[in-house]
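Input: a single structure, listed below in structure tokens.
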Amino acid sequence: KMSKSKGNVVSPSAYVERYGADTARTYICFMGPPDRGGDWVDEGLEGVHRFLGRLWRLALEVGSGGGGGEANASAAWQRGLAGPGRELVQKAHWAIDKATRDFGRGFQFNTVIAAVMELVNDAYRLKGDLLGDEDGRRVVRLAAATAGSLIFPFAPHLGSEVWELLEGGDVWEQPWPVADPELLAADSVTLIVQVNGKLRDRVEANPDASQEELLRLAHASEKVRSNIDGREVIKEIVVPGKLVNLVVR
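Position 175 of the sequence shown, counting from 1, maps to 196 under the numbering used here, and the rest follow consecutively.
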């Protein structure tokens, strides 16, 4: 930890000059919980600088074709999306929800920034499937604008530029975004399937699936069947929404 008594205090001025104030401020807030801080690592600062650069490049990529207003797009339009578009919109609302809760729960700045990083990473992962049509492009714009508004408290210069490019106007005049509860609910959950406590497969299941349906999915897996064929299932353990463990002999 940095401490004057240990003589290991890092002056931010040189880093601000090289990387900019947004990077230095965001990294300081990302180092750890405010009550514990963390060790200054130059590689970590460079990682934050790369992340902010990725967000800006994403905004430039989707902001060049005009448009705007996606961050305030109707709930009906957002809820009606499917496939990669729905996945990215859900991620944006997840990031809004997590940032809101973590700000209000002891100012956990590091986890707020981590959530924005996850959103930007998912936007890059999914944009190849989305930028081919107008609805998909709107979704990526929404994700980038949301990331800009959430990162604004830490990187105000970049956050305001991203928002102005994608939405127009000043981000500081906007209300804090609110997550849509319907878009926070998962469409599916990944069910871990074990045989005698050892992982054999992962299958997708409805979050509200019954115990009988989860067992049916587990038994339908080829990877599971190859481990239980010819053996007696003596116990079936189901943890709804999480795992099925088949005990055989």
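Ideal placement from N, C-alpha and C gives every residue a C-beta, glycine not left out.
**Prompt:** Do glycine 262 and valine 210 have their C-beta atoms within less than 7 Å of each other?
**Reply:** yes
**Asked** Bridge partners of aspartate 222, per DSSP?
**Response** Under DSSP, aspartate 222 takes part in a beta bridge, and its partners are Val214.
**Message:** Closest to glutamine 215 by C-alpha separation, out of Glu185, Thr47, Arg246, would be which residue?
**Reply:** Arg246
**Request:** Taking only runs that begin and end inside the stretch 114-199, name each unbroken alpha helix (DSSP H) of 4 or more residues, in chain order.
**Result:** 130-151, 155-172, 177-188
**Prompt:** What residue from Gly218, Asp208, Ile258, Asp123 has the CA that sits closest to glycine 53's CA?
**Reply:** Per the C-alpha coordinates, the member of Gly218, Asp208, Ile258, Asp123 positioned closest to glycine 53 is Asp123.
**Message:** Please tell me whether valine 110 and glutamine 99 are closer than 7 Å, where the distance is taken between their beta carbons.
**Reply:** yes
**Asked** Relative to the alpha-carbon of arginine 107, which residue among Lys119, Arg71, Leu79, Arg159 has its alpha-carbon at the smallest distance?
**Response** Arg159
**Request:** Report yes or no: is there a C-beta of chain B within less than 7 Å of the C-beta of glutamine 195?
**Result:** Absent from the structure: chain B. Only one protein chain is present.
**Prompt:** Which value, in whole angstroms, describes the spacing of the CA atoms of arginine 71 and asparagine 227?
**Reply:** 37 Å
**Message:** Rounded to whole angstroms, what is the Cα-Cα separation between glutamate 182 and aspartate 208?
**Reply:** Going from the Cα of glutamate 182 to the Cα of aspartate 208 covers about 33 Å.
**Asked** The alpha helix (DSSP H) with glutamate 67 in it runs from where to where?
**Response** Under the DSSP assignment, glutamate 67 falls in the alpha helix (DSSP H) whose first and last residues are 63-84.
**Asked** isoleucine 172 to leucine 220, Cα distance in whole Å?
**Response** Each residue's Cα considered, the two are about 38 Å apart.
**Message:** Quick check on DSSP: helix, strand or coil for lysine 256?
**Reply:** Lysine 256: strand per DSSP, three-state reduction.
**Prompt:** What is the residue span of the beta strand (DSSP E) that asparagine 266 lies within?
**Reply:** Secondary structure note for asparagine 266: its beta strand (DSSP E) is the uninterrupted segment 264-269.
**Asked** Residue range of the alpha helix (DSSP H) that proline 202 falls in?
**Response** For proline 202, the enclosing alpha helix (DSSP H) covers residues 202-205.
**Message:** Going by C-alpha to C-alpha distance, which of Glu185, Val265, Lys148, Ala168 sits closest to glutamine 232?
**Reply:** Val265
**Prompt:** Is it the case that the Cβ atoms of phenylalanine 51 and asparagine 131 are separated by a distance below 7 Å?
**Reply:** yes
**Request:** Between the Cα of tyrosine 36 and those of Asp56, Glu139, Glu64, Asp191, spot the shortest distance and give me the residue it belongs to.
**Result:** Glu64
**Proximal residues to glutamate 185 (C-beta, below 8 Å), its chain only, five neighbours per side dropped** = Asp191, Val192
**Beta carbon of isoleucine 117 nearer than 7 Å to that of proline 196** = no
**Prompt:** By how many angstroms is the C-alpha of leucine 152 removed from the C-alpha of methionine 23?
**Reply:** Any reading at methionine 23 must be qualified, since the residue scores a pLDDT of 49, below 50, and its modelled position is unreliable; no value is offered.
**Prompt:** Short check: CB of valine 137 to CB of alanine 168, under 7 Å?
**Reply:** yes
**Message:** In this structure, how does DSSP classify arginine 46 when only helix, strand and coil are distinguished?
**Reply:** Helix at arginine 46.
**Request:** Report the rounded CA-to-CA distance for arginine 103 versus alanine 164, giving the unit in angstroms.
**Result:** The question names arginine, but residue 103 in the sequence shown is alanine. Taken atom to atom, the span from the alpha-carbon of alanine 103 to that of alanine 164 is near 15 Å.
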